[in-house]
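Worksheet: the structure to be examined is printed underneath.
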Amino acid sequence: MDQTPINLLEIKDLKKTFSISGGLFSRRLTLTALENINFTIRQGETLGIVGESGCGKSTLGRCILQLLAPDEGQVLWLGQDLTRLPAEEMRQRRADLQIIFQDPLASLNPRMTVGEIIADPLRTLRPELNKDERRARVLKTMEAVGLLPEMINRYPHEFSGGQAQRIGIARALITEPKLIVCDEPVSALDVSIQAQILNLLAELKDEFGLTLIFISHNLSVVRHVSDRILVLYLGRIVELATGDEIYEDPKHPYTRALLTAVPIPDPRLARQRNIDALKGEIPSPINPPSGCTFRTRCRFAKPFCAETRPPLERIEDGRLVACHRWREIEVPVEAVLGV
Amino acid sequence: MAGITGKDAVLSEYARKLETLDAPKGRSLTQDAIRRLARNKAAVLSIFVVGFIILFAFVGPYFLPWTYDKIDWSGIRKPPNFEAGHFAGTDQNGRDMLARIMQGTQMSLIVAGVATLVSVFIGVCYGAIAGYFGGKVDAVMMRFVDIMYALPYILFVIILVVIFGRNPVLLFVGIGCLEWLTMARIVRGQTMSIKEREFVEAAKAGGAKPWTIIFRHIVPNLTGPVVIYATLTVPEIILTESFLSYLGLGVQEPQTSLGTLISFGAPVAETLPWMLIGPAVVLVSLLLCLTYIGDGLRDALDPKDR
Numbered sequence: 001m002d003q004t005p006i007n008l009l010e011i012k013d014l015k016k017t018f019s020i021s022g023g024l025f026s027r028r029l030t031l032t033a034l035e036n037i038n039f040t041i042r043q044g045e046t047l048g049i050v051g052e053s054g055c056g057k058s059t060l061g062r063c064i065l066q067l068l069a070p071d072e073g074q075v076l077w078l079g080q081d082l083t084r085l086p087a088e089e090m091r092q093r094r095a096d097l098q099i100i101f102q103d104p105l106a107s108l109n110p111r112m113t114v115g116e117i118i119a120d121p122l123r124t125l126r127p128e129l130n131k132d133e134r135r136a137r138v139l140k141t142m143e144a145v146g147l148l149p150e151m152i153n154r155y156p157h158e159f160s161g162g163q164a165q166r167i168g169i170a171r172a173l174i175t176e177p178k179l180i181v182c183d184e185p186v187s188a189l190d191v192s193i194q195a196q197i198l199n200l201l202a203e204l205k206d207e208f209g210l211t212l213i214f215i216s217h218n219l220s221v222v223r224h225v226s227d228r229i230l231v232l233y234l235g236r237i238v239e240l241a242t243g244d245e246i247y248e249d250p251k252h253p254y255t256r257a258l259l260t261a262v263p264i265p266d267p268r269l270a271r272q273r274n275i276d277a278l279k280g281e282i283p284s285p286i287n288p289p290s291g292c293t294f295r296t297r298c299r300f301a302k303p304f305c306a307e308t309r310p311p312l313e314r315i316e317d318g319r320l321v322a323c324h325r326w327r328e329i330e331v332p333v334e335a336v337l338g339v
Numbered sequence: 340m341a342g343i344t345g346k347d348a349v350l351s352e353y354a355r356k357l358e359t360l361d362a363p364k365g366r367s368l369t370q371d372a373i374r375r376l377a378r379n380k381a382a383v384l385s386i387f388v389v390g391f392i393i394l395f396a397f398v399g400p401y402f403l404p405w406t407y408d409k410i411d412w413s414g415i416r417k418p419p420n421f422e423a424g425h426f427a428g429t430d431q432n433g434r435d436m437l438a439r440i441m442q443g444t445q446m447s448l449i450v451a452g453v454a455t456l457v458s459v460f461i462g463v464c465y466g467a468i469a470g471y472f473g474g475k476v477d478a479v480m481m482r483f484v485d486i487m488y489a490l491p492y493i494l495f496v497i498i499l500v501v502i503f504g505r506n507p508v509l510l511f512v513g514i515g516c517l518e519w520l521t522m523a524r525i526v527r528g529q530t531m532s533i534k535e536r537e538f539v540e541a542a543k544a545g546g547a548k549p550w551t552i553i554f555r556h557i558v559p560n561l562t563g564p565v566v567i568y569a570t571l572t573v574p575e576i577i578l579t580e581s582f583l584s585y586l587g588l589g590v591q592e593p594q595t596s597l598g599t600l601i602s603f604g605a606p607v608a609e610t611l612p613w614m615l616i617g618p619a620v621v622l623v624s625l626l627l628c629l630t631y632i633g634d635g636l637r638d639a640l641d642p643k644d645r
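This is how it looks when you write it as C-alpha cells:
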C-alpha cells in the first residue's frame with residue numbers, strides 16, 4: 001500500500017462573493033468571502049481548516065459541497081468539475097460528499113423521528129431500497145455511531161447535544177460517503193463530549209476509509225485530528241502545512257498569533273509564555289486592507305506590505321505560506337508555545 | 340452457554356427485543372402541544388362547546404317536529420310554544436326558528452370549514468413556494484398578493500356571484516380564495532426563516548429536491564402558525580359570510596345562515612326578540628369559543644424551539 005494516494009478533491013482558484021444590498025438608493029456592496037483558494041485533498045487524509053470567525057471557513061466547506069455556488073474556480077472531484085455538473089447529476093454525487101453541522105439540534109428536523117432523519121438521504125439517493133432495507137441500514141449506522149437501536153422512534157428534542165451530534169454523523173454516514181465536511185462539529189458541545197465525538201470521528205474514519213475536512217476555530221481540536229492544516233484569514237489561504245509543522249514551526253505571523261492564543265492548562269507555563277495576542281478586530285471583508293490583508297494586525301508589518309499582496313509561496317516540502325517577510329521573522333517556538 | 344451471573348439471560352432478552360424492535364415511541368412535538376392544550380381549561384371547555392354546537396347543527400334537525408322550510412300556518416310570529424313544538428318561536432312566515440337556527444349554523448360551519456381549508460391549502464403552498472425560492476419568484480408572487488390585497492374583495496364576490504349564479508359552494512370557495520392572502524404572507528415569512536435552518540441545508544446535502552424540501556421539511560414545521568391562523572380565520576369567515584348574506588349575496592331562501600337570521604331578526608328585535616336572541620347566542624358563543632381555541636393553540640404550539 002505504498003502507492004501515492006490519489007487526489008480526491010482539487011480546489012482551483014475558488015472565489016466566492018456575496019452581494020449586500022444597501023437599500024433602494026445606496027449601491028450594492030460586494031463582500032469577498034473567499035479568494036484564490038487552491039489546494040488538494042488526498043484520499044484518506046484529514047485536512048483541518050482553521051481561522052477566526054468570519055474568515056470564510058464554513059463558506060469554503062459549503063462551496064466544496066456545492067451548497068453554495070462559487071463565483072469562479074473549479075471544485076474537481078476525482079477530476080470532475082462539480083461546479084459545472086447539471087443539478088440532477090450533482091444530486092446523485094451527493095452520496096459521496098456529506099456534511100456534519102455545528103449546531104447538532106438545529107441540524108435535525110424537529111418534526112421527524114431519529115429513524116426518519118437518518119434514513120432521509122437514502123430515500124432520495126437510494127430509491128431502490130425498500131422500507132425494511134432502509135431500516136436495517138439505519139440500525140446498522142446507528143450502532144456504528146453509538147446510538148442504541150431503541151432510540152429509533154424518538155424525536156430530536158429528547159436528546160442531548162452529544163447524542164444529537166451522533167445522529168447528525170449517522171445521517172452523514174448512511175450514504176457511504178467518501179468525503180465528509182465537518183463544520184465545527186464539536187464547538188457547540190461540552191468539553192467532555194467533544195473528546196467522545198472526536199474519537200468517534202477518528203474511529204469511523206478508519207472503519208469506513210473516510211476523508212475528512214475538519215473546520216474549526218479551535219487549534220487544539222484541529223491538531224488532534226488533522227494530517228494537514230490550512231489557515232484562512234479574510235477568505236485567503238495564509239498557510240498550509242502538516243499539523244506538526246504548523247505547531248512546531250509556524251511560518252506565518254497569523255498562524256503564530258493563533259497558536260499563542262491557545263490556552264495552556266498549566267498556569268506556571270502560561271505565565272512564562274510570550275503572549276502574542278492579536279490586536280484589534282478582523283478587518284471588514286467588504287473593504288479589505290490593500291496588499292497583505294493581515295498587515296493591519298501584524299507585528300512584523302513594514303510599509304511595503306501595504307503595496308503588493310504576498311503570493312502563496314511554496315516553501316520546503318510542499319508547505320505554502322503567504323507572507324512577504326516569512327524568511328526574516330525569527331520564530332522561537334519555545335517562546336510561542338511556552339514550552 | 341449458561342452464565343453464572345445471569346447476564347446472558349438479560350442480554351439474550353435484550354437481543355430478542357432488538358430483533359422484534361419494540362422501540363419505544365418518542366414524544367412528537369404535536370403530542371407535546373396536545374398535552375399542553377389539554378391543560379388549558381378555557382380551551383378545553385371551548386372545544387366541548389364547539390363540539391356541542393356542531394352536534395346541535397348537524398344532528399339536531401332529526402329530533403325536531405318541524406323542518407327549516409315548513410310553514411306552520413297556525414303559528415306565525417309566535418313566541419316559543421312547547422306544545423306546538425316551536426321551542427324557539429316562529430318567524431314572520433311561520434317557520435320554526437329552532438330548525439332554522441340549526442340549519443343556519445350548519446351552513447355557517449360548512450362555509451367556515453370549506454373556506455378555511457381552501458385558504459390554508461392555497462396559502463401554505465403559495466407562501467412556502469414564494470418563501471423557499473425567493474428572489475424574483477418571490478418578488479413576482481408577493482406583488483401579485485399585494486395587488487389582490489389592494490382590490491376590494493366584495494367586488495370579487497359580486498363578480499363571482501354574477502358569473503356563476505348564487506351557488507353556496509362556489510361562494511365558500513370564493514371566500515377561501517380571497518382569505519388565503521394573509522395566510523400566504525405568514526407562511527412566506529416563516530418559510531424564509533426555516534429555510535436558513537441547518538436541517539434544510541442537511542436535506543439539501545442529502546440530495547433532496549426542492550419540492551421534497553418544501554413539503555417534507557418546511558411545511559411540517561409551519562404547523563404552529565398555520566393552525567393558529569386557521570382557527571382565527573374560521574370566525575373571520577363566519578363574519579364575512581354573515582356580512583355577504585346581509586347584503587343578499589350569500590345563501591338563498593329558504594336556506595339560511597346565522598348572518599341571514601340575525602339580519603332578519605335585528606329590525607324586529609323589539610317586537611319579536613326570539614328571532615334575534617337565538618341565532619345571536621349561537622354565533623357569539625361559536626366565535627368566542629373559536630377565539631379561545633385559537634389562543635389555547637397559540638400557547639400550546641408556541642414556536643419556541645424545544
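Same order as they appear, the protein sequences are chains A and B. Per the working numbering, the very first residue in the first sequence carries number 1; after that it's consecutive. Per the working numbering, the very first residue in the second sequence carries number 340; after that it's consecutive. Glycine included, every Cβ here is placed at the ideal spot set by N, Cα and C. Computed from a predicted model, the values in this text were never measured in an experiment.
Beta-ladder partner(s) of residue i, from DSSP
i, result
"D81/A", "L76/A"
"P7/A", "Position check: residue 7/A holds Asn in this sequence, whereas Pro was assumed. Partner(s): R42/A."
"I213/A", "L47/A and V181/A"
"I410/B", "R434/B"
"E316/A", "Answer is none; E316/A lacks a bridge partner."
"R236/A", "Y233/A"
"T141/A", "T141/A is not bridged to any residue."
"R228/A", "L47/A and T242/A"
Cβ of residue i within 8 Å of any chain A Cβ
i, result
"P404/B", "no"
"A427/B", "no"
"T530/B", "no"
"T551/B", "yes"
Cutoff 8 Å: residue i Cβ touching any chain B Cβ
i, result
"A106/A", "yes"
"T17/A", "no"
"R134/A", "no"
"R166/A", "no"
"F214/A", "no"
"I169/A", "no"
"R91/A", "yes"
"Q98/A", "yes"
"T59/A", "no"
Neighbouring residues, chain B, relative to residue i (Cβ below 8 Å)
i, result
"L65/A", "A544"
"A95/A", "G546"
"Y233/A", "By Cβ distance, chain B contributes nothing, its closest Cβ being about 25 Å from Y233/A, past 8 Å."
Per-residue contacts from residue i into chain B (C-beta, under 9 Å)
i, result
"E158/A", "G365 and R366"
"N109/A", "R536, F538, V539, A541, A542, R555, H556, P559 and N560"
"T124/A", "A542, G545, G546, A547, K548 and T551"
"Y254/A", "Here the premise fails: no neighbours, minimum Cβ distance about 29 Å."
"T113/A", "K364, G365 and S367"
"P121/A", "A541, A542, A544, G545, G546 and A547"
Residue i burial status per 10 Å Cβ neighbour count (16 or more: buried)
i, result
"T610/B", "exposed"
"Q445/B", "buried"
"D183/A", "buried"
"W519/B", "buried"
"F387/B", "exposed"
"V620/B", "exposed"
"V191/A", "exposed"
"V389/B", "buried"
"V238/A", "buried"
"F511/B", "buried"
"N130/A", "exposed"
Neighbour list for residue i in chain B, Cβ cutoff strictly below 7 Å
i, result
"F101/A", "E537 and A541"
Problem - Entirely enclosed alpha helix (DSSP H) segments - the stretch 89-125 of chain A, minimum 4 residues - result: The stretch 89-125 of chain A contains these whole alpha helix (DSSP H) runs: 114-125.
Problem - Every unbroken alpha helix (DSSP H) within the stretch 149-176 of chain A, with a cutoff of 4 residues, ordered by chain - result: Counting whole runs of 4 or more residues, the stretch 149-176 of chain A contains the alpha helix (DSSP H) stretches 161-173.
Exercise for the section: Scan the stretch 560-642 of chain B and note each continuous alpha helix (DSSP H) run of 4 residues or more that stays entirely inside, going in chain order. Expected result: Restricted to the stretch 560-642 of chain B, the alpha helix (DSSP H) segments that are unbroken, complete and at least 4 residues in length are 562-585, 597-604 and 613-639, listed in chain order.
Exercise for the section: With a floor of 4 residues, list each alpha helix (DSSP H) that falls wholly inside the stretch 521-551 of chain B, ordered by position along the chain. Expected result: Counting whole runs of 4 or more residues, the stretch 521-551 of chain B contains the alpha helix (DSSP H) stretches 537-544.
Problem - Whole runs of the beta strand (DSSP E) within the stretch 425-490 of chain B, excluding any shorter than 3 residues - result: Listed in chain order, nothing qualifies, since the stretch 425-490 of chain B has no complete beta strand (DSSP E) run of 3 or more residues.
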